[in-house]
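Accompanying notes for the structure given below.
There are 2 protein chains.
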Amino acid sequence: MREFIVTAHTAALSHRFELNDLPGSAGRMDVLCRCVTAAFLTSHNLRDDVRVQFVLQNKFVVRFEGSELKRVNPDERSTGSLFQKVLERRHIAERTGDEFESTPGIYISARTLDDVLEKADRRGSVILLREDGTRLSEFKPPDHPIFVLSDHTSFEPEETERITAVADHHISISPRALHTHQSITIMHHYLDTNGYVRFVGNSE
Amino acid sequence: MREFIVTAHTAALSHRFELNDLPGSAGRMDVLCRCVTAAFLTSHNLRDDVRVQFVLQNKFVVRFEGSELKRVNPDERSTGSLFQKVLERRHIAERTGDEFESTPGIYISARTLDDVLEKADRRGSVILLREDGTRLSEFKPPDHPIFVLSDHTSFEPEETERITAVADHHISISPRALHTHQSITIMHHYLDTNGYVRFVGNSE
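In order, the protein sequences belong to chains A and B.
Numbers 3 to 206, taken from the numbering used here, label the letters of the first sequence in order.
Numbers 3 to 206, taken from the numbering used here, label the letters of the second sequence in order.
Below you can see the structure in the form of structure tokens.
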């Protein structure tokens with residue numbers, strides 16, 4: 003099992019955004035759409051051993067579960083439409099306090115980064131990607147890596163503090179500052195090619 | 003200098019496609035848009051030492067020149083609009099036989115894969131990405147690598163034949179079949195982190 007947690011600081015909380023304007027009125031929703039493609043899709047295939055959680059403005063968590071996903075296309079617009087569908091359910095999630103499924107494998111809950119980190123810390127090895135971390139080439143992947151990344155903006159200081167408190171590893175993947183989705187692609191490639199043994203137990 | 007040549011088998015030759023339907027009526031133009039983002043963009047920055055050439059249905063070549071590009075955004079829709087602008091000039095390119103610039107750093111010409119490969123072979127090391135190639139980790143990057151990739155479909159047999167005839171290296175980058183843009187991200191990362199010395203001479 004591989005997991006990615008992405009903190010989204012500007013992405014829309016409402017489903018009423020324009021699919022034609024993902025980078026604008028949707029608050030850089032395009033960044034999150036590219037993360038979905040990077041995390042789940044290979045050529046004509048879907049990685050089913052992956053979970054991604056987007057923490058939207060520290061108010062809602064949108065979870066994509068690879069083993070349950072049915073239709074994910076690689077283009078940004080179609081993924082944007084999946085975000086619209088799940089955000090439309092945010093009021094139910096807020097009212098009930100529960101997680102709510104919209105389309106297969108995509109859930110929303112009224113949770114915070116703290117909630118997500120607390121559970122992550124119990125089930126796997128939390129890994130913070132940061133410039134001054136261990137070089138990727140010296141990193142021995144754990145069984146159940148949970149990478150924490152930020153969107154197109156940096157982590158806020160309090161986020162870094164919370165993540166650092168639970169992080170088992172600090173990794174630097176590149177001398178260049180990369181896009182979030184590019185970092186996901188590179189981590190997958192590193193795990194695909196470095197004798198990573200797929201975790202086959204119950205991941206929860 | 004790093005170069006990428008991408009053979010596009012289905013992408014629209016006309017600018018009259020819908021930006022709302024890049025994967026459909028535009029013939030999987032979304033695939034090419036993602037390649038542009040992967041090739042040129044890092045976080046809030048543009049790689050100026052990169053050239054990408056898309057060979058569209060073996061009839062037109064669209065060239066993106068990193069050192070001249072002005073505005074490239076990471077989202078697919080805005081790159082799709084750059085493709086529209088350059089494809090609108092295809093008749094001029096066809097009529098004159100010359101290369102024609104639309105927006106800064108983006109050119110179109112009525113050329114074929116053979117034309118592109120012939121010039122590439124003279125100025126750098128042509129590298130074919132294929133499943134049975136040398137493992138990436140054993141690959142020592144040349145000064146001026148020119149990677150040849152296919153879009154969402156495989157190379158046609160005659161394309162493989164032409165590329166093999168000029169290829170200096172055959173590389174396998176992953177045990178997984180990846181998207182074209184993901185392969186570009188991974189090649190960049192490999193060159194960024196493996197003591198690659200940027201080519202500083204005249205690259206033409």
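Note that the Cβ used here is the ideal one computed from N, Cα and C, for glycine as well.
Member of the options whose CA lies at the smallest distance from the CA of residue i
i               : options                           : result
T105 of chain B : B:E120, B:A122 and B:V74          : B:V74
P25 of chain B  : A:R79, A:K61 and A:R178           : A:R79
F56 of chain B  : B:F42, B:E161, B:S152 and B:S174  : B:S152
L138 of chain A : A:R178, A:D32 and A:D50           : A:R178
I148 of chain A : A:S156, A:R164, A:R125 and A:H154 : A:R125
L71 of chain A  : A:K61, A:F42 and A:S83            : A:F42
D50 of chain B  : B:E20, B:G68, B:A122 and B:C35    : B:G68
L119 of chain A : A:P143, A:T162 and A:L84          : A:T162
D32 of chain B  : B:F102, B:T81 and B:N47           : B:T81
R30 of chain B  : B:T155, B:P159 and B:M189         : B:T155
R36 of chain B  : B:F19, B:K142, B:L84 and B:N60    : B:L84
R97 of chain B  : B:V52, B:D134, B:V38 and B:F62    : B:F62
P76 of chain A  : B:D23, B:V8, B:P159 and B:V150    : B:D23
E229 of chain B : B:D145, B:N60 and B:H190          : Absent from the structure is residue 229 of chain B, since the part of chain B shown begins at 3 and ends at 206.
H146 of chain B : B:A95, B:M189, B:I94 and B:D100   : B:M189
H191 of chain A : A:T136, A:P143 and A:I94          : A:P143
G135 of chain B : B:A95, B:E160 and B:T166          : B:T166
Below-8 Å beta-carbon distance, residue i vs any chain B residue
i               : result
A179 of chain A : yes
H93 of chain A  : no
I210 of chain A : A question about residue 210 of chain A goes unanswered here, because the residues of chain A that appear run from 3 up to 206.
D194 of chain A : yes
D51 of chain A  : no
S174 of chain A : no
G203 of chain A : Reliability of the predicted coordinates at G203 of chain A is poor, the pLDDT of 34 falling under 50, and no value is obtained from them.
Cβ-Cβ separation, residue j to residue i (assumed contact under 8 Å), whole Å
i               : j               : result
I110 of chain B : V64 of chain B  : 5 Å
L58 of chain A  : A13 of chain A  : 5 Å
H183 of chain A : Q86 of chain A  : The pair is not a contact, with the Cβ atoms about 19 Å apart (cut-off 8 Å).
S185 of chain A : L180 of chain B : Actually they do not touch by this definition, with Cβ atoms about 15 Å apart.
L193 of chain B : R4 of chain B   : 6 Å
S127 of chain A : H171 of chain A : 7 Å
S176 of chain B : T195 of chain A : 6 Å
A2 of chain A   : T187 of chain A : Past the edges of chain A, shown from 3 to 206, lies residue 2 of chain A, and the structure says nothing about it.
R113 of chain A : F102 of chain A : Contact flag wrong, Cβ pair sits at about 12 Å.
F6 of chain A   : V54 of chain A  : 5 Å
R164 of chain B : D116 of chain B : 6 Å
F66 of chain A  : I108 of chain A : 6 Å
V8 of chain B   : L48 of chain B  : Not really, about 19 Å apart at Cβ, beyond 8 Å.
L89 of chain B  : L15 of chain B  : 7 Å
CB contact below 8 Å: residue i versus chain A
i               : result
S45 of chain B  : yes
P76 of chain B  : yes
P106 of chain B : no
L24 of chain B  : yes
Q184 of chain B : yes
D32 of chain B  : yes
H191 of chain B : yes
E133 of chain B : no
Residue i (DSSP reduced to helix, strand or coil)
i               : result
V8 of chain A   : strand
L34 of chain A  : helix
S185 of chain A : helix
N47 of chain B  : strand
Neighbour flag for residue i against chain C, beta carbons, 8 Å
i               : result
G126 of chain B : This model lacks chain C altogether; the protein chains it does include are A and B.
Near the ligand COA: residue i beta-carbon under 7 Å from a heavy atom
i               : result
I110 of chain B : What this structure holds is no ligand at all, so the ligand COA is not there to describe.
Complete beta strand (DSSP E) runs within the segment 55-122 of chain A (minimum length 3 residues, chain order):
Within the segment 55-122 of chain A, the complete beta strand (DSSP E) runs of at least 3 residues are 62-67 and 108-111.
Could you tell me which uninterrupted beta strand (DSSP E) segments, each at least 3 residues in length, are contained entirely in the segment 113-172 of chain B, listed from first to last along the chain?
127-137 and 147-152
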